[in-house]
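Student: In the numbering used here, the protein residues as written are 419 to 539.
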């Protein structure tokens, strides 16, 4: 019997349903398992119960910023500290050392950043 391969599991955090739909469809189409939530609170609940390989978060979320959320995820789940990507339309670099996917993004941008980050994380 062949060994089962595990598909990388990604948590997508964005309060815009259209962005969630596009990114989730793109990533599932190339073989990733994607769960999508709309708030920082829901993201913290999700990472508490599921083993994610990567978190992609919008910078602007209801109730908290993406950088605050990602800091909290890294504090509670150190394994994810280097497995966080921000989505943003901001021109300034808000992420510091976090990788960023700029909105509006291309399919190639998303796939390249995700694949590269999973390969090095």
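Cβ coordinates follow ideal geometry from the N, Cα and C atoms, glycine included. Remember, it's a predicted structure, so these values are computed and weren't measured experimentally.
(1) Residues in the same chain with beta-carbon distance under 8 Å from residue 503, minus the five sequence neighbours each way, listed in chain order, please.
(2) If we require 4 or more residues per run, which alpha helix (DSSP H) segments fall completely within the region 472 to 514?
(3) May I ask you to list the residues that DSSP assigns as paired with residue 454?
(4) Alpha helix (DSSP H) containing residue 440: first to last residue?
(5) Give every residue of the same chain whose Cβ lies closer than 6 Å to the Cβ of residue 507, excluding the five residues on either side of it in the sequence, and list them in chain order.
(6) Determine the closest residue to residue 537 out of 469, 525 and 500, with distance taken between C-alpha atoms.
(7) Could you pull the DSSP bridge partners for residue 520 from this structure?
Tutor: Quick look at the numbers:
(1) As a first step, residue 503 is located in the chain shown; it is residue number 85 there, counting from the start. So the list reads 472, 473, 474, 475, 516, 517, 518, 519, 531, 532 and 535, once near-sequence residues are dropped.
(2) 484 to 494
(3) On the chain shown, residue 454 is found 36 positions in, with the first residue counted as 1. Paired residues: 430.
(4) For the purposes of this step, residue 440 is identified with residue 22 of the chain shown, where counting begins at 1. Taken as a continuous stretch (DSSP letters only), the alpha helix (DSSP H) holding residue 440 covers 435 to 447.
(5) Position 89 of the chain shown, counting from 1, holds the residue named residue 507. The answer, listed in chain order, is 521.
(6) Numbered from its first residue, the chain shown carries residue 537 at position 119. The option with the nearest alpha carbon to residue 537 is 500.
(7) Sequence index remark: in the chain shown, residue 520 carries index 102 (1-based). According to DSSP, which records beta bridges pairwise, residue 520 is partnered with 506.
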